[in-house]
Amino acid sequence: MQAGEPTWMQTIYDRLKRTLYFLLPVVICAGLLPVLAFFSVGAGYTVWSSVPHGWSVEAFLQYGDGRSPYARVHLPPLITDQAYDVSLQLSVPTIPSNLELGNFMAALEILTPSNKSLAFARRPYLLLPTKTWFSLSNPAVLQLDLGLLSDFVPPSSSPIDAYIELGRKDAWKSLGEGQGRELTVQHLYVKGNVKPSGIRAILASYPMSTSVISTAIFFLISSFALCISLIPMLRTRTSTVWPPPNAARIRSNSEPRTLKKRTSTPSLKVERNERETDDEMFVQGSSTSTFRNRDITLTDTTSRIKSEDEESALSS
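No gaps in the numbering here: position 88 of the sequence shown is 88 in UniProt numbering, and each next residue is one more.
Right, here's the structure in full:
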């Protein structure tokens, strides 16, 4: 082994160090992916919970208080600025007292916990006997759906109550055999149906699909942001750990070129200066010769004029 050459232990250590150096961003990404998946599921659940849903609450009527059967129930939290259709679903036995009752009143009032009225509706209904094709007798129980409130919009998300009253005010009167004039009810439910509009209508029509799409979009966007944040780290590690193998060759080839450019620059300046001086000398020489020619021409002209004057003087 020559002096200065790394040992095999040092080579293995360097390779292991480089590998771990590059594995750190991968470990960070792998550790954050479950966190992103958790938050993505939370985002999908938030979208699903924000979609307006219908609701149904069971109410228990109170009898024997000297008034029509009544009940008061707490409604589930409602979405503000969302319209609801509120109705009553009754399971009424087909007993003679119910069939002979005739018209009865159904009243529904929406109240705050402080007994402030938000909406009120009271309508008459009639229990009619029905027969099926397979049986000539009446069914044992009739299912009635009494629509009372339409387009009810809760003013706030605070809890509200519903007060229900069924029957007649003249319940003290009796029928033919002494039956009381009140409606016998087996089950009673207060039901609310949403009436969405715009984007809420799409969300209400496909709640599961919208929640899944929201989860996927949130996960993709967060993963893309994570990759972008890791790119500078990978670039730094690549430039510091694994430089290009021909970097020294590129530097050695580039230095003489710069020296040549530097040495060639003064020579170009000298040649340019020499050319400028030659041009100046040529201009000066041409101008001097021009002035000399002008002087010679002037002397010739003056001498000719003098000779002509002398000749004229002699002739006279």
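Backbone N, C-alpha and C define an ideal beta-carbon position, used for all residues, glycine too.
Please check the pair residue i and residue j, which I expect to be a contact at CB under 8 Å, by giving their CB distance rounded to whole angstroms.
i    : j    : result
G192 : V41  : Contact flag wrong, Cβ pair sits at about 28 Å.
W48  : P207 : 6 Å
L203 : I160 : With a Cβ gap of about 23 Å, L203 and I160 do not count as contacting.
Q89  : D145 : 6 Å
L142 : L127 : 7 Å
V194 : Y21  : The Cβ separation is near 56 Å, so there is no contact.
I79  : P96  : Between P96 and I79 the Cβ distance is about 44 Å, and since that is not below 8 Å, they are no contact.
A106 : L149 : Actually they are not in contact, since the Cβ atoms of A106 and L149 sit about 11 Å apart, beyond 8 Å.
L99  : P69  : Actually they are not in contact, since the Cβ atoms of L99 and P69 sit about 17 Å apart, beyond 8 Å.
Based on the DSSP output, what are the partners of residue i in its beta bridges?
i    : result
H74  : D161
N103 : L126
D85  : N193
S91  : Q143, H187
Q62  : Y70
S150 : Per DSSP, none; premise fails for S150.
F120 : E109
L166 : A106
Closest by CA to residue i, which one among the options?
i    : options                : result
T94  : V185, T46, I79         : V185
P113 : P232, S211, N98, V73   : V73
V122 : W8, L78, I164          : In the sequence under discussion, the amino acid at residue 122 is Arg, which differs from the Val named in the question. The candidate whose alpha carbon is nearest that of R122 is I164.
A37  : F218, R304, Q62        : F218
G31  : L226, V212, G102       : L226
D81  : L101, A119, L61, V153  : V153
R181 : M9, G102, V194         : G102
V212 : Q10, Y45, C29, I28     : Y45
E58  : P52, A71, S50          : A71
G147 : I199, S157, H187, P124 : P124
I231 : S205, L24, S50         : L24
P77  : S50, A106, S205, R18   : S50
G54  : S229, L99, E310, S205  : S205
S91  : L188, E100, R18        : L188
S229 : F60, I12, C29          : C29
R67  : S222, K169, I199       : K169
S56  : L75, P139, Y63         : L75
Y63  : W8, L183, Y13, K17     : L183
F39  : S222, S307, E311       : S222
Would residue i be called buried (16 or more neighbouring beta carbons within 10 Å of its own) or exposed?
i           : result
P155        : exposed
V35         : exposed
R15         : exposed
A109        : One point to set straight first is that residue 109 is Glu, not Ala, in the sequence displayed. Under this definition E109 is a buried residue.
V26         : exposed
T215        : buried
R304        : exposed
G167        : buried
L220        : exposed
T265        : Low confidence applies here, because T265 scores a pLDDT of 49, under 50, leaving its location unreliable; read the following figure in that light. Exposed: under 16 other Cβ atoms inside 10 Å.
V190        : buried
residue 330 : Any question about residue 330 goes unanswered here, given that the chain covers just 1 to 316.
A162        : buried
A43         : buried
F224        : exposed
S157        : exposed
S104        : What sits at residue 104 in the sequence shown is Phe, not Ser. Looking at its Cβ environment, which holds 16 or more other Cβ atoms inside 10 Å, F104 is buried.
In terms of residue numbering, what span does the beta strand (DSSP E) encompassing residue i cover?
i    : result
A59  : 55-59
D170 : Per DSSP, D170 belongs to no beta strand (DSSP E) and is neither H nor E.
From which residue to which residue does the alpha helix (DSSP H) around residue i run?
i           : result
residue 357 : The question about residue 357 has no answer, for the chain in this structure spans 1 to 316.
L205        : Sequence check: residue 205 is Ser here, not Leu. Note, S205: alpha helix (DSSP H), 199-205.
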